[in-house]
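Notes for the one structure printed next.
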DNA sequence: TAAAATTAGTTGCTTTTGTCAACTAGTTTT
DNA sequence: AAAACTAGTTGACAAAAGCAACTAATTTTA
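Following this line, the structure appears as structure tokens:
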């Protein structure tokens, strides 16, 4: 088994070579890669100081100073004395600087285009998504809470994906067999048969357009509702997603004036149980069963809204 | 809307900076990044000629020659006269060369480890998978046929994912509503209820551990079977996956001695229809229906095995 | 509030890195 | 067997990058 780190190193070597090939076209121009990165940085921030550039690109200030001097002579940039700090100079691209950059951008884009010309649009989407994931994970060194989005309208593909998550996660964590997924399919079919947008709702948490967590409220009567399908991809635990989903679900119950919400679970779901209790759910029933290739306790929890 | 190319360029800039940071530790050692890449190349191929290195790393041969001279003096490599070509020299790492590289590798791994220390194991998996996808798509400039794997045992999560694919793809391509997905859920529930490993089978095509295409054979009697759920992710069409799946399915029918296989589809599925016809299926029934938010023809195709 | 420490930017000098062309010695093509 | 080519070396040189000392302005500190 190769470790994560060595796989990443292998990718790094691959991407170094890839970037090398892409940057080769800069040799046609009279500017080095560093010079172009500097121009790009100036263009990105509209106006910037030399100091800032050294920070962003990790350059020696003496080296940068000379490069900027050349840019000035070639009329690619202007230096404007800063008002706030009389030592500093604000650097901007001139029209011809912008023009140069746009020519180089076009060249670079053509080069990239050549690298992906045989991919169809769906494949390009896959590529861009994967890059986004890599970037997200490496930038934050974690999954950013802000990158998680929430919604509660059922769109095509949602229910299938939620079933899929149930199948994979319960197999991975509790070694449940495919029978469990079959059971989930049945519960969803029954749910969709009786689905009332007014009294039922599914909440989904997404990351990179993929569902990573969910919960639902299913009305049983005007008085009572069931909380179902509470699930969180293990990769996305500890980010407050579960709490947010449960809170939304319980708030919905209050809003709809249910007197009682219950849920059925097993004693194995330790992390979920903890959250249920935190939300005020209390154990009301416990019974040993043998199902989906396992022996465990099936438990009922209730949350009663007092008026 | 930003184009694919500009998103890729943005990722390239991000990753350039990322690699820059990782390579900074090489400054601690007395070797430059180029020198280390050379050492790495030698280590990778066990034995290699200078010529080959210049090709792989795009280096000037004069420059390389001098670096190798230094490596030789420092006892990192040995040069062995080639038997086949007396001009060429086979280069190998010495023990101390290997040792140096392993020290540097450890340092590099530590640096990477620091970049991902806050990710849990599932998140690391996501990262590595995404890198693999990026690499696959950029290397081949296409999805490699060899990267597609096939299997036909149902494991947890499969059926949910196939339902998900039906929901999303039929919505994307034919604008079907969520009712269609509900219908698919029902068909799968019924299938799983009666599932006989002996007479029924689902085939799945996978890319990067994700299902991208499927088909199933469902027995109706000893004489007749139904071909169902034939589906291919648009990103993976034109790779021969559909043909492979259908061939496997039809072969299975022959093997099981069904006299007849039929399938139900719509006139809208033009690409699938073409493939069915290619496999020998013939239209036996056509009827206008209104369902899932659309009006279309529901069609039956039959393939009869003659003895 | 004045001295001390720090910072933005420039410049001279040096090292490192990389390029080019000419050369030797062996190999392949014609 | 001559001509064209290739692997590798070397000298001369240019480009890229780093270091340190300096000016002038700003911030900190006591």
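Residue numbers (this note's numbering), protein chains in the order written: chain V, 1 to 307; chain U, 1 to 307. No residue lacks a Cβ here, since even glycine has one placed at the ideal position from N, Cα and C. Just so it is clear, the structure is predicted and the values come from calculations on it, not from any experiment.
Open item on the list: Please classify residue 204 of chain V as buried or exposed, where buried requires at least 16 other C-beta atoms within 10 Å of its C-beta.
Closed with: buried
Task: Assigned secondary structure, residue 302 of chain V (DSSP; H/G/I helix, E/B strand, else coil) - done: strand
TODO: Assuming residue 246 of chain U and residue 212 of chain U form a contact by the criterion Cβ under 8 angstroms, report the distance between their Cβ atoms to the nearest whole angstrom.
DONE: With 8 angstroms as the limit, residue 246 of chain U and residue 212 of chain U do not qualify as a contact, their Cβ atoms being about 15 angstroms apart.
Task: Residue range of the alpha helix (DSSP H) that includes residue 316 of chain U - done: One cannot answer for residue 316 of chain U here, as it falls past the ends of chain U, which runs 1 to 307.
Open item on the list: On the criterion of 16 or more Cβ atoms from any shown chain inside 10 Å, does residue 287 of chain V qualify as buried, or is it exposed?
Closed with: Burial is judged here by how many other beta carbons sit within 10 angstroms of a residue's own beta carbon; residue 287 of chain V has fewer than 16 and is exposed.
- [ ] Since I believe residue 124 of chain V is in contact with residue 4 of chain U (beta carbons under 8 angstroms), could you give me their beta-carbon distance rounded to a whole number of angstroms?
- [x] 5 angstroms
Task: Counted within 10 angstroms of its Cβ, other Cβ atoms place residue 220 of chain U as buried (16 or more) or exposed - done: Result: exposed.
Open item on the list: With a threshold of 7 angstroms (Cβ to nearest heavy atom), would residue 275 of chain V be considered close to the ligand ATP?
Closed with: This structure simply doesn't include the ligand ATP, nor any ligand for that matter.
Task: Members of the region 180 to 191 of chain V near chain U, C-beta cut-off 9 angstroms - done: If the cut-off is 9 angstroms between Cβ atoms, the region 180 to 191 of chain V has 180, 181, 182, 184, 185, 186, 188 and 189 near chain U.
Task: Partner residues on chain V for residue 113 of chain U, Cβ-Cβ distance less than 7 angstroms - done: 5
- [ ] Check whether the region 27 to 35 of chain U touches the region 277 to 284 of chain V, counting contact only when three or more Cβ pairs, one atom from each stretch, lie closer than 8 angstroms.
- [x] As far as the Cβ criterion goes, the region 27 to 35 of chain U does not touch the region 277 to 284 of chain V, which means the pair count is below three.
Open item on the list: I want to see whether chain U comes within less than 8 angstroms of residue 253 of chain V, judged by CB atoms only; does it?
Closed with: no
Open item on the list: I need the straight-line Cα distance from residue 197 of chain V to residue 224 of chain V, nearest angstrom please.
Closed with: 16 angstroms
Open item on the list: To the nearest angstrom, how far is the alpha carbon of residue 89 of chain U from that of residue 23 of chain U?
Closed with: CA-to-CA, the gap between residue 89 of chain U and residue 23 of chain U works out to about 30 angstroms.
TODO: Can you give me the Cβ contacts of residue 265 of chain U inside the same chain, cut-off strictly under 6 angstroms, excluding the 5 residues immediately before and after it?
DONE: 299
Open item on the list: Taking the alpha carbon of residue 96 of chain V as the reference point, which residue from V/261, V/143, V/76 and V/16 has its own alpha carbon closest?
Closed with: V/76
Open item on the list: For residue 81 of chain U, report the span of its beta strand (DSSP E) as first-last.
Closed with: 77 to 81
Open item on the list: Which residues of the region 114 to 125 of chain V have a Cβ closer than 9 angstroms to any Cβ of chain U? Give them in chain order.
Closed with: 114, 115, 116, 117, 118, 119, 120, 121, 122, 123, 124 and 125
TODO: Provide the residue span of the beta strand (DSSP E) that contains residue 211 of chain U, from first to last.
DONE: 210 to 219
Open item on the list: Run through chain U and tell me which residues come within less than 8 angstroms of residue 147 of chain V, C-beta to C-beta.
Closed with: Within chain U, no residue comes near residue 147 of chain V; the closest Cβ sits about 12 angstroms away, beyond 8 angstroms.
- [ ] Would you list the one or two residues that DSSP bridges to residue 294 of chain V?
- [x] V/291
TODO: Assign residue 278 of chain V to buried or exposed, taking buried as 16 or more other Cβ atoms, counted over all protein chains shown, within 10 Å of its Cβ.
DONE: exposed
- [ ] Return helix, strand or coil for residue 87 of chain U, following the three-state DSSP convention.
- [x] coil
TODO: Using DSSP bridges, identify the partner residues of residue 206 of chain U.
DONE: U/149 and U/211
Task: Through-space distance from residue 228 of chain V to residue 256 of chain V, alpha-carbon basis - done: 17 angstroms
Open item on the list: Taking CB distances under 8 angstroms as the criterion, tell me whether residue 249 of chain U reaches chain V.
Closed with: Not flagged as an interface residue toward chain V: residue 249 of chain U, since no C-beta distance is shorter than 8 angstroms.
Task: Residues, ordered as in the chain, of the region 154 to 169 of chain U that lie near chain V by beta-carbon distance below 9 angstroms - done: 154, 155, 156, 157, 158, 159, 160, 161, 162, 163, 164, 165, 166, 167, 168 and 169
Task: Where residue 269 of chain U falls: helix, strand or coil (DSSP) - done: Residue state, collapsed to three classes: coil.
Open item on the list: Below 9 angstroms on C-beta distance, what does residue 198 of chain U contact in chain V?
Closed with: The contacting residues do not exist; residue 198 of chain U stays about 17 angstroms from chain V at best.
- [ ] Alpha carbon to alpha carbon, how far is residue 82 of chain U from residue 51 of chain U? Give it in angstroms, no decimals.
- [x] 13 angstroms
Open item on the list: If I measure Cβ to Cβ from residue 114 of chain U and keep anything under 7 angstroms in the same chain, skipping five residues before and after, which residues do I get?
Closed with: none
Open item on the list: I need the straight-line Cα distance from residue 315 of chain U to residue 13 of chain V, nearest angstrom please.
Closed with: Outside the modelled stretch of chain U, which goes from 1 to 307, sits residue 315 of chain U, for which no answer is possible.
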